[in-house]
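Residue numbers (our numbering): 1261 to 1551. The C-beta atom is built at its ideal place from N, Cα and C for all residues, glycine as well. Here the structure is laid out as structure tokens; the discussion comes afterwards.
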Ligand code: GDP
Ligand code: MG
């Protein structure tokens, strides 16, 4: 039996969280078309007969806005990369991009790095895949190069095979049914945030945080009350929408995602509150679980 931790790193939007979910077989990490959906480090656990894989999803390393939240996220990436047995660095099927350079720099020289060229479902010319991998291979002495499609699940066996080579012998530290180190309460808040990322305009999601205030088991049913914190009163109006339509849709879709993940009925109540400047306040970040 082999057991170890694997960092999944890469710039925003290359498909790290999608890959983690595919490898774990459940929607534990939230994903969206927008960059910076992932704010927290999260473990996704997969247990096979011969290995337990503990994948660490990380926020994409980014340099756009220098507020306290983003500085914290960048620190997380650096810390994780130094603590793992192996790293899977994900890049987009367009090939190596200069924005991939700073990510690679964060990984210490003694950590083996597997390069995953993701979204190959978008590439029709297969000769191109080999060409892109060849070009990327000059960037570091990678332990392996694996073309994948995280969303379609293509080449997951090949990737796991390469990862397993670098894991130490050892007994599993999590149960065979565990899929993450995060409590359901955290996953519930994230699923609300995911809906906001997917349903609301371009800038708004970045100024939003979600806090689960109540999480109770009522038989097999989960009763959950969550607050959506926005930066400004005008944002509150957008999240609620005309006659409450936007908030209703966020709630319905988040509830369905929770019911699938938890395997039970969910009763979800959502509130919207204004909390100005939360993304740049250390106290607010702590309260919202970012520290
Ligand atoms: P992250 O920021 O690196 O965690 O990226 P996400 O996992 O949130 O994915 C970003 C976007 O890329 C989402 O819209 C995903 O659906 C999409 N995506 C991820 N993997 C694939 C893939 O293999 N093929 C295609 N076509 N899209 C993908
Ligand atoms: Mg992500």
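When the beta-carbon positions are compared, residue 1277 and residue 1266 stay at least 8 Å from each other.
For residue 1363, the uninterrupted alpha helix (DSSP H) run begins and ends at 1361-1366, by DSSP. In this structure, DSSP gives residue 1474 an extended state, which the three-state scheme calls strand. Distance from the C-beta of residue 1277 to the nearest heavy atom of ligand 2 is below 7 Å. Excluding sequence positions up to five before and after residue 1495, its CB lies within less than 7 Å of the CB of 1464, 1467, all in the same chain and listed in chain order. The beta carbon of residue 1356 sits closer than 7 Å to those of 1395, 1396, 1399, all from its chain and outside the five residues before and after it, given in chain order. Annotation: the continuous alpha helix (DSSP H) that includes residue 1394 extends over 1386-1396.
Judged by DSSP secondary structure, residue 1542 falls within the alpha helix (DSSP H) whose first and last residues are 1542-1547. Short of 6 Å from the beta carbon of residue 1374, and not among the five residues preceding or following it, lie these beta carbons of its own chain, in chain order: 1348, 1403, 1404, 1422.
By the Cβ rule, the segment 1478-1490 counts as touching the segment 1531-1542, because three or more pairs are nearer than 8 Å. Fewer than three beta-carbon pairs drawn from the segment 1437-1455 and the segment 1368-1382 are found closer than 8 Å, and the two stretches are therefore not classed as touching. In the three-state reduction of the DSSP assignment, residue 1424 falls in the helix class. By the 16-neighbour rule on beta-carbons within 10 angstroms, residue 1261 is exposed. A heavy atom of ligand 2 is found nearer than 7 Å to the CB of residue 1289. Within 7 Å of the C-beta of residue 1461 there is not a single heavy atom belonging to ligand 1. Contact annotation: residue 1474 and residue 1483 have beta-carbon atoms nearer than 8 Å. Proximity of the beta carbon of residue 1263 to ligand 2 is not indicated: no heavy atom of the ligand is located closer than 7 Å. When DSSP states are grouped into helix, strand and coil, residue 1429 belongs to the strand group. Residue nearest to residue 1512 within the set 1527, 1521, 1502, 1538 is 1527 (criterion: CA-CA distance). Cβ atoms of residue 1311 and residue 1263 come within 8 Å of each other, at about 7 Å. The C-alpha of residue 1507 lies about 25 Å from the C-alpha of residue 1273.
In the displayed model, residue 1370 falls within coil according to three-state DSSP, outside both helix and strand. The residue among 1372, 1296, 1268, 1271 with its C-alpha nearest the C-alpha of residue 1462 is 1296.
The distance from the Cβ of residue 1440 to that of residue 1302 is about 6 Å, consistent with a contact at the 8 Å cut-off. Within the chosen limit of 7 Å, ligand 1 does not reach the beta carbon of residue 1384 with any heavy atom. Here residue 1270 is not near residue 1389, since their CB atoms are 8 Å or more apart. Residue 1426 is a Cβ neighbour of residue 1345, given a cutoff of 8 Å. About 6 Å separates the beta carbons of residue 1328 and residue 1542, which is inside the 8 Å limit, making them a contact pair. With contacts defined as CB atoms closer than 8 Å, residue 1381 and residue 1412 qualify as a contacting pair. In this structure, the alpha-carbon of residue 1359 lies about 18 Å from that of residue 1293.
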